[in-house]
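Numbers 983 to 1293, taken from the working numbering, label the letters of the sequence shown in order. Glycine included, every Cβ here is placed at the ideal spot set by N, Cα and C. Remember, predicted model here, so these are calculated numbers, not experimental data. Below you'll find the structure, written out as structure tokens, and then a few comments.
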Amino acid sequence: ARITPTNVFIAFGFFFGIFFVLPQFGQLGQIITRIDNINVVWFFLALIASAGTYVAAAFTLMAAAQGIQMRVPLYLTSIAELAGSFANRFTPFGIGGFALTSRYLQCFGSSKAQSIASVALPVVAGTITTTILMAIVAPSAVGDLLKGITIDSKAKLVVALTGSLLAVGTLIFMVFSRKTSQFIQSALNSAIISGRQLAQSGRVIRLLLGSILITSTYVLALFASVKAFSLDLSIIQAFVVYVAGSTIGQATPTPGGLGGKEVAYAAGLIAFGITASGAIAAVLLFRLLTFWLPMIPGAIAFRYLKHSAYF
């Protein structure tokens, strides 16, 4: 077998994930010891919020698809988002879900470039809305987060960022091949056209609202996971921890940001005064509900869409 940048990229990604994830199994006892005191109401609220992320993602994708005059059903698009999350468990940076959702849209008559543009638009909208929300509602909380980061958690973040930089460097190397750059340019052109059509039709508001809804459901899931262990955290602090942790973890070259996200979320919670054991327990519960548990219905959704020839 030839050694290619892709192979190196994947190998490093799995090493990075295993390096951080394996030590977590030694912390599972902390959840077990707290299970008797877990707040069932908050637990189920976190579970419902986790399920809501897929409906929110489907709503946002539908809004983006309308930019190319394409209509897709909400229930089927929600299934596609769930199947995409399953595909993401085996690929870094959400590549698997991105590809699956793009092929799903092509079944409704869009071109390859148009479908990629429609999948990319929610990412852009999410970046815009999250940045605006962070600037409006959470500047003081961000300052508290930075002040609360200890030397130990700083060291962990440095390791995560170092791995992320290496991943980004590898990604840039892969992206700027001639074929890939030409395809990306075509997709960007389609994204610009789709964005203009959305703006002209006034439907861009739906896209932005959908992006806010996605972030809100994830923040609610994290907040409820913390509250399930009777820990003290405000919803604004949960928002800051989620955004900061997801930003760092998303650059981690592992499926679903494994390792990087856990470390970043835990460091953020600790910075806001939660004990290390409480932070780890809350983060593991959050990741159980939003990452591991959806794999089962995700696999079923993946099989259903494949059997129905949607990709």
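Residue environment, residue i, which counts as buried when at least 16 other CB atoms sit within 10 Å
i       : result
Ser1093 : exposed
Val1265 : buried
Arg1285 : exposed
Ala1248 : buried
Ile1252 : buried
Tyr1057 : exposed
Thr1272 : buried
Thr1061 : The residue asked about is misnamed: residue 1061 is Ile in this sequence, not Thr. It is buried - the Cβ of Ile1061 has at least 16 other Cβ atoms within 10 Å.
Ala1117 : exposed
Pro1005 : At Pro1005, the pLDDT of 48 sits below 50, so the modelled position is not reliable; the number obtained from the coordinates is stated separately. Under this definition Pro1005 is an exposed residue.
Gly1280 : buried
Arg1269 : buried
Phe1221 : buried
Gly1091 : exposed
Three-state secondary structure assigned by DSSP to residue i
i       : result
Gly1066 : helix
Ile1296 : This structure gives no information on residue 1296, because the portion of the chain shown stretches from 983 to 1293.
Asp1018 : helix
Arg1071 : coil
Gly1239 : coil
Arg1269 : helix
Leu1204 : helix
Arg1053 : coil
Ala1261 : helix
Leu1275 : coil
Ser1216 : coil
Phe1254 : coil
Ser1228 : helix
Ala1281 : helix
Lys1288 : helix
Phe1221 : helix
Ser1092 : coil
Val1037 : helix
Phe1211 : coil
Gly1076 : coil
Assumed close pair residue i, residue j - CB separation to whole angstroms, cut-off 8 Å
i       : j       : result
Lys1243 : Gly1227 : 6 Å
Leu1087 : Ser1097 : 4 Å
Ala1263 : Trp1024 : With a Cβ gap of about 13 Å, Ala1263 and Trp1024 do not count as contacting.
Leu1267 : Ser1207 : 5 Å
Asn1021 : Ser1212 : 6 Å
Beta-carbon contacts of residue i that lie in its chain and below 6 Å, excluding the five residues immediately before and after
i       : result
Gly1076 : Asn1070
Ile1282 : none
Thr1111 : Leu1190, Ser1193 and Ile1194
Gly1066 : Gly1079, Leu1082 and Thr1083
Thr956  : Coverage of the chain is limited to positions 983 through 1293, which leaves residue 956 absent and any answer about it impossible.
Met1052 : Phe1090 and Ser1092
Sequence-distant residues of the same chain with beta carbon closer than 7 Å to residue i, five excluded per side
i       : result
Met1277 : Phe1068 and Arg1071
Ile1196 : Thr1035, Ala1038, Ala1039, Thr1042 and Gly1108
Thr1059 : Ala1040, Leu1043 and Met1044
Gly1231 : Gly1239, Gly1242, Lys1243 and Ala1246
Tyr1224 : Tyr1200, Val1201 and Leu1204
Cutoff 8 Å: residue i Cβ touching any chain C Cβ
i       : result
Leu1082 : Among the protein chains of the structure shown there is no chain C, as only one such chain exists.
Same chain, Cβ closer than 8 Å to residue i, five either side skipped, listed in chain order
i       : result
Val1101 : Leu1043, Ala1046, Phe1080, Thr1083, Ser1084 and Leu1087
Asn1019 : Phe1211 and Ser1212
Practice task
Could you say if the segment 1190-1210 and the segment 1026-1038 meet the contact criterion of at least three C-beta pairs nearer than 8 Å?
Solution key: Look at the beta carbons and you see the segment 1190-1210 touching the segment 1026-1038: at least three pairs across the two are nearer than 8 Å.
Exercise for the section: Decide yes or no for the touch test of the segment 1247-1257 against the segment 1274-1293: beta carbon pairs closer than 8 Å, at least 3 of them. Expected result: no
Exercise for the section: Assess, as a yes-or-no matter, whether the segment 1036-1055 is touched by the segment 1185-1195 under the definition of 3 or more beta carbon pairs within less than 8 Å. Expected result: yes
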